[in-house]
C-alpha cells in the first residue's frame, strides 16, 4: 500500500473543520437558548425552573464547552477576516492560527473559575 | 507582446511544437462562470457575494456582542447562579440591553442560518434532500427570530 497518499490536511484545513463544527454546535444551542428565554413570557416560575438546570454541575461542563466553541469560532473568524481583507493575511495564516490557539487557551484558563467554580463546589458539596 | 509572431516561444521543450499560429488560432475557452443570456435567473445576481460579505461584517459585530453577553451572564456578578426572571427583568428595563439582545439575536440567527445553509449545500447531494433540509432550516430560523423578537418587545416584568 502506498504511504502518504491520504490527504490529512494542515493548519488551514483543520481550522476550517473546527470552524464548521463549532459553528453548527453554536447554532443548535442558540435555537434552544431562544426557546428557553421565551419562557419569560410564560411565567417567572417556568423560566426560573428551566434556568435552574443551567446551574447544575453537568450543564456547567456543557457551558464550558459552549464557551470553548464560541471563543474559538470568534477568534478564528477574525483570522478568516484577516486572511480575506489584509494583504499579508494569506501569508501569515498559520502564525495567526497559532496566535488564535494561544489566546484561546489563555481565555479558557480564565473561564475555568467563573464557569466551573460553582460546579466544583456543588460536586464536592460546599 | 509577441504572441502573434510565434507562439512557439512560450512553449517549452516538453510540450513540443505548437499546433496554433496566426492562421490557426487556439480555440477560445469561455470562463467557466461567465454570465450569458442563458445563465439561469438564480445565479445572475450577486447573492453569494453579499452572503459572504455579511458573514464577515456580522461576525465582527457578533464577537463584541456575544463575548459581552458571555461576560455578563457567565462571569460577572457570580456567573450563572444570579440568572433568573428578576435578573432578566432588570436588564430588559433598559432600552440599551433590549437593543443589544435584539441585534445579537438577528445577527446571530442570520449568521448561523447562512452558515448552516452553506453546510447543507456542501453535504446534501440529492436535490430533494438539499431542498427540504433548507426549507426546514429557513422555517426554524424565521420562527426563532420572530419568537425572540416578540419576547424582547412584549416582555412584561409584572406578568405575575
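Protein chains in written order, with this note's numbering: chain X, 2 to 127; chain D, 4 to 163. Where a beta carbon is used, it is the ideal one built from N, C-alpha and C, also for glycine.
Exposed or buried, which one is residue i when buried takes at least 16 other CB atoms within 10 Å?
{"i": "residue 38 (chain D)", "result": "exposed"}
{"i": "residue 88 (chain D)", "result": "buried"}
{"i": "residue 162 (chain D)", "result": "exposed"}
{"i": "residue 6 (chain D)", "result": "Because residue 6 (chain D) sits at a pLDDT of 45, beneath the cut-off of 50, its placement in the model cannot be relied upon, and the following sentence gives the value as read from the coordinates. Classification of residue 6 (chain D): exposed, given that the 10 Å Cβ count is below 16."}
{"i": "residue 74 (chain X)", "result": "buried"}
{"i": "residue 93 (chain D)", "result": "exposed"}
{"i": "residue 76 (chain X)", "result": "buried"}
{"i": "residue 33 (chain D)", "result": "exposed"}
{"i": "residue 58 (chain D)", "result": "buried"}
{"i": "residue 115 (chain D)", "result": "buried"}
{"i": "residue 67 (chain D)", "result": "exposed"}
{"i": "residue 157 (chain D)", "result": "exposed"}
Work out the CA separation of residue j and residue i for me, nearest whole Å.
{"i": "residue 109 (chain X)", "j": "residue 45 (chain X)", "result": "32 Å"}
{"i": "residue 117 (chain X)", "j": "residue 130 (chain D)", "result": "45 Å"}
{"i": "residue 24 (chain D)", "j": "residue 36 (chain D)", "result": "27 Å"}
{"i": "residue 42 (chain X)", "j": "residue 123 (chain D)", "result": "33 Å"}
{"i": "residue 75 (chain D)", "j": "residue 82 (chain D)", "result": "8 Å"}
{"i": "residue 148 (chain D)", "j": "residue 126 (chain D)", "result": "25 Å"}
{"i": "residue 56 (chain D)", "j": "residue 34 (chain X)", "result": "26 Å"}
{"i": "residue 21 (chain D)", "j": "residue 29 (chain D)", "result": "10 Å"}
{"i": "residue 115 (chain X)", "j": "residue 11 (chain X)", "result": "34 Å"}
{"i": "residue 95 (chain X)", "j": "residue 13 (chain X)", "result": "7 Å"}
{"i": "residue 6 (chain X)", "j": "residue 140 (chain D)", "result": "37 Å"}
{"i": "residue 152 (chain D)", "j": "residue 54 (chain X)", "result": "24 Å"}
{"i": "residue 146 (chain D)", "j": "residue 37 (chain X)", "result": "14 Å"}
{"i": "residue 97 (chain X)", "j": "residue 26 (chain X)", "result": "23 Å"}
{"i": "residue 65 (chain X)", "j": "residue 58 (chain X)", "result": "11 Å"}
Would you please state the rounded distance, in angstroms, between the beta carbons of residue i and residue j? I believe it to be under 8 Å.
{"i": "residue 28 (chain X)", "j": "residue 150 (chain D)", "result": "About 15 Å; that fails the 8 Å criterion."}
{"i": "residue 106 (chain D)", "j": "residue 52 (chain X)", "result": "At roughly 23 Å, the Cβ-Cβ gap does not stay under 8 Å, so residue 106 (chain D) and residue 52 (chain X) are not in contact."}
{"i": "residue 65 (chain D)", "j": "residue 110 (chain D)", "result": "5 Å"}
{"i": "residue 62 (chain D)", "j": "residue 82 (chain X)", "result": "7 Å"}
{"i": "residue 119 (chain X)", "j": "residue 69 (chain X)", "result": "Incorrect: roughly 18 Å between the Cβ atoms, too far for contact."}
Taking only runs that begin and end inside the stretch 44-124 of chain D, name each unbroken alpha helix (DSSP H) of 4 or more residues, in chain order. The qualifying runs are 50-73 and 88-95.
inquiry  = What ranges does the alpha helix (DSSP H) occupy inside the stretch 12-88 of chain X, keeping only unbroken runs of at least 4 residues that lie completely in it?
reply    = Taking only runs of at least 4 residues, the alpha helix (DSSP H) segments lying wholly in the stretch 12-88 of chain X are 12-38, 45-55 and 58-86.
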